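Report on the following structure.
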Amino acid sequence: MSWINALIQGIFLGGLFVLFAAGLSLLFGVMEVINLAHGDIAVAGGYLAVVLIPILHIPAIWIFIVVVPVFVVIGYLVQRLLFQPSLKSGSLTTLLVTFGLSVIIENLLLEGFSANSHSLSIGRLGSGAFRITSQLSISYLSVVILFVAIATIVLIQLGLSRTKTGRIIRAVADDREAAQLIGADYKHVFGIAAGVAFGTVALAGLALSMYSQITPSAGPTYLIYGFEAVVIGGLGSLWGTLAGGIVLGVAATIGLVASANFGALAPHLVFLAILAIRPQGFFPKKALA
Amino acid sequence: MMSGDRVRPLLEVEDLTVNYGQLTALDGVSFTVEESSIFAVIGANGAGKSTLMRTVAGLHKPVRGRILLEGIDITSVPAHLRVEKGIALVPEGRRLFSSLSVEENLLTGFYRGRKGPWTLSRIYEMFPWMPSRRTQRASLLSGGEQQAVAISRALLANPKLLLIDELSLGLAPIVVRSIYSSFSSLLESGLTILLVEQDVSQARSIASHIHCLLEGRTTLFGGPRDFSAAEIEAAYFGIAEPNLELGTL
Amino acid sequence: MSRNLGTVSRSQYSGYYLGVVGSVAVVVLAALPYLVAQGFTNILINLFILLTLANMWNVLAGYGGLVSVGQQAFIGVGAYTVLLMAQHGVEPFLAIPVAMVMGAVFAVPVSWFLFRLTGGYFAIATWVVAVIAGIVITGVPSLGGGTGASLPGLHLMNSVLLGALTYWASLAVVLASLVGVYLLLRSRLGLALTAVRDNEIGARSVGVKVTRAKRVVYLISASGCAGAGALIAISQLNVQAANVFNIQWTAYMIFAVLIGGIGSIEGPIIGAVVFIVLQQSLARFNAWYLVIVGAVAMIIAIWARGGIWGIWANRSSTKLFPVGYFLRKPSEKKSSVLAKTEY
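Residue numbers (the working numbering), protein chains in the order written: chain B, 2 to 290; chain U, 1461 to 1709; chain W, 783 to 1125.
So this is what it looks like as structure tokens:
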């Protein structure tokens, strides 16, 4: 019974990983840049909520209405002012810049909030659960997070395939010079993609601080889970990312049945095993769509 | 659609000089393109033809010289803003968006394009094979079909000036002929065409002006019938005294 | 073909001067424990550890084009090798070379996995490897589990003697890393690496075995980081997974290299010195110093790629380490440099 329980809990935990992975996948698909500060940006989103909730008197579950737009704007600005100038010196420079940003965010949070953990309390939604059987129950929050994760993936996918802006984002991802020739300002398009990526990962940070807790140094762990989900699913494939996140979640919870240590190790081992057998991931795609 | 009392030519290129690092790709090139004409740039590989087209489209910054469109200096206007000013480039190698469908590729032409006579239905009229394959990925088309989509994408931006870089490269002669035969109707719609062509006889047969480049410099310019084949040959390859009659020209 | 086309030499001056200056510097550095207070040599120990790491990361990223953010995996391997051997009665100082070998050995299978990936994916995968190594070690109770273990064998030693020995060991490791990189870059492989640094596709097309060259660099870098890890274990007398496998080590080495100048031997030396000076002078600002150093490194990475050394070297034609080639025209008797092209 505990195995079935682990399996089901894992699927829901995967939802959290998918939220971390979605923006990473999008940014790589559009710019071929990996944002090593992705996890730290999520954590910063969580801390912004911690600061804002007592000021704005908004219930924690609704704080995303403020936090996500703020991070969309931050994402656009960070792209235009920091990542874009670094792209000129090559993608390895951008990688190092995102790494620098990661260290800076982490230490700023450490200065501002100490190393103590924080979490967002959402009352009944956080503590309540669906009781399936006497041994199997699923918390309301897990269901919400998985739903939000799937909705995020679906919305990004629909946005890319059905809207005019989405079409231009894909065009820029394919060939940024040719995109200029149809009048697309690729720097602006990159900014939009970064805005969406930052917005979704802020959502991930909020989910994490409701689901468990955040510390200034929590980011990298989730960056890695997100990254593994992207690779397992296949680079640039959002549906693959969804599948990858769930595989990792299941690996984590099933590993936990053995021991706490193995729970932390199992997702990484699954990642390495898949990398060894099928380095292109489950749903490889050359570009977005 | 244009009033007749326009005094300046559509495009003026003055003393255009472009460097790639230490290398001078274009050196003091000047010419003017009159409205509703076909202007062909010829020259051997590495003569600077593509650089010229890309610079007019805004993809390269010249170190010296000016580019004027309808008398307005656009030298410092970035590439993506030249589209709404009426310049569209069909780049070398076609450069379709490989993950977009044929129709999506065409629709990108509207993104910052101008209002004008070109619509999707008119394109589909011109290329009757296109509607049935509009949902296919552009990368699955043949070379000639891709060139047709690339030209259509540029036309849908309703440009005043259409730049075409190496139209015939990699295409069957029959395809090239059919595309060129459609140009006369394009001119009637008020379009002006600046194109790069390696096939000199082709260029001479369609263009009202030819302009030959050699190692970034102008070696010859004028009407297509102003020069003998040997003179063009000399300008093309930089041979001082051509001593062979060339049947191909 | 007797016409003299000029001579090609390694530098503007002969390597002889480097040898003399270097030897004097080493003698002075080696004598320091007798001349200065232990507080100062302790700072120098940190400098040498950082310089070793920076030097190794520079070879890896600056020449091999391999941006790793997981070199802490090998720091951990080095530290735990010393711990394990000390637990079995081996003198920790003697375990340093073993740790360096273990770093390279550990890197072999890791490289099989990592070399399937490139660019950013390679970078995060190196991080994953370090995380896995940390989790695995945490699960071994005899190595202290999550809480860490103190290093046996050194506690009874006189603290002055221990400090001096640690200092000398650090000096030996940092010299080994610098000389090793210097010789590597002067070798045929170094030529290949420099070609890869400047243009990987071009290098591949003229027959450079790029992947092999990169793998060698990866192993060397792992070995050097393991050496630094061994020194960290000895200087702290304690080994804890959360410390030695911490990403902060990678932050330190990357920041030092970026500030000093990537892709030259001189850069990391300058960068490491600047980093330690900043660390010492900003120590009372806690985490702020990393924010400041990180911001400086980021700005340099974007707007001044060559770092401090690059700015300096652009103004003069000085090279501390003759690893390039200089072409001299035969007519010119003096050592004025005609073509300074570095191959």
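C-beta: ideal position from N, C-alpha, C; glycine also.
Quick caveat: nothing in here was measured; it's all calculated off a predicted structure.
The three-state secondary structure of S138 (chain B), taken from DSSP, is strand. When DSSP assignments are scanned along the region 929-977 of chain W, the uninterrupted stretches of alpha helix (DSSP H) that are 4 or more residues long and fall wholly within it turn out to be 941-968. Taking 9 Å as the cut-off, the beta carbon of A1504 (chain U) is found no closer than this to the beta carbon of F1681 (chain U).
A distance below 9 Å separates the beta carbons of P1551 (chain U) and M1513 (chain U). In this structure T948 (chain W) is in contact with I1016 (chain W), their Cβ atoms being roughly 6 Å apart against a cut-off of 8 Å. DSSP places A130 (chain B) in the strand class (E or B) of the three-state scheme.
Assigned with DSSP and collapsed to three states, I215 (chain B) falls in strand. A Cβ of chain B is located within less than 9 Å of the beta carbon of A1069 (chain W). For G1508 (chain U) and L1486 (chain U), the gap between their C-alpha atoms comes out near 6 Å.
By the neighbour-count criterion, in which a residue is buried when 16 or more other Cβ atoms sit within 10 angstroms of its Cβ, V818 (chain W) is exposed. Residue environment for W1578 (chain U): buried (at least 16 other C-beta atoms within 10 angstroms of its C-beta). Not one beta carbon of chain W lies nearer than 9 Å to the beta carbon of S26 (chain B). Between G16 (chain B) and H39 (chain B), the C-beta spacing is not below 9 Å.
Taking a Cβ-Cβ threshold of 7 Å, the residues of chain B close to Y1571 (chain U) are I169, I183, G184, A185, in chain order. Cβ-Cβ distances below 8 Å link V1056 (chain W) to A1038, I1041, G1042, I1090 in the same chain, with the five nearest sequence neighbours on each side left out; the list follows chain order. Residue-level contact check: E178 (chain B) touches chain U, since one or more beta carbons of chain U fall below 9 Å from its beta carbon. Counting along the chain, the unbroken beta strand (DSSP E) around S1490 (chain U) starts and ends at 1483-1493. Using a Cβ-Cβ cut-off of 9 Å, S213 (chain B) does not count as an interface residue toward chain W, since no Cβ of chain W sits closer than that to its own. Burial check for M838 (chain W): the Cβ neighbour count within 10 Å reaches 16 or more, so the residue is buried. Remark: fewer than three beta-carbon pairs, one from each stretch, lie closer than 8 Å, so the region 1473-1483 of chain U and the region 1664-1675 of chain U are not flagged as touching. Just measuring C-alpha positions, the residue of B:I66, B:S118, B:S213 sitting nearest A203 (chain B) is B:I66. In the three-state reduction of the DSSP assignment, A261 (chain B) falls in the helix class, which pools H, G and I.
Taking 9 Å as the Cβ-Cβ cut-off, the region 900-917 of chain W approaches chain B at G901, G902, Y903, A905, I906, A907, W909, V910, V911, V913, I914, I917, given in chain order. For a cut-off of 8 Å, the C-beta gap from I1498 (chain U) to L1647 (chain U) is around 7 Å, short enough to register as a contact. Per DSSP, the unbroken alpha helix (DSSP H) holding I914 (chain W) starts and ends at 901-920. Counted as a single uninterrupted DSSP element, the stretch harbouring F1587 (chain U) is not any alpha helix (DSSP H), since DSSP gives it neither H nor E.
A1608 (chain U) counts as buried, since at least 16 other C-beta atoms from the protein chains shown sit within 10 angstroms of its C-beta. DSSP places Y1696 (chain U) within a helical segment (H, G or I) once states are collapsed to three.
Following the DSSP letters along the chain, one finds D41 (chain B) inside the alpha helix (DSSP H) bounded by residues 39-57.
Taking 9 Å as the threshold, the shortest C-beta distance from T920 (chain W) to chain B falls below it.
For I1670 (chain U), the beta-bridge partners assigned by DSSP are U:A1500, U:G1682.
Across the structure, L1013 (chain W) and G1006 (chain W) are spaced so that their CA atoms are roughly 11 Å apart. Under the DSSP assignment, E1474 (chain U) falls in the beta strand (DSSP E) whose first and last residues are 1471-1480. Going by beta carbons, V104 (chain B) and A1033 (chain W) fall inside the 9 Å limit. When only Cα atoms are considered, T1492 (chain U) and E1530 (chain U) end up about 11 Å apart. Close CB contacts of W1031 (chain W) within its chain, under the 6 Å cut and outside five residues either way in sequence, are with Q854, I857 (chain order).
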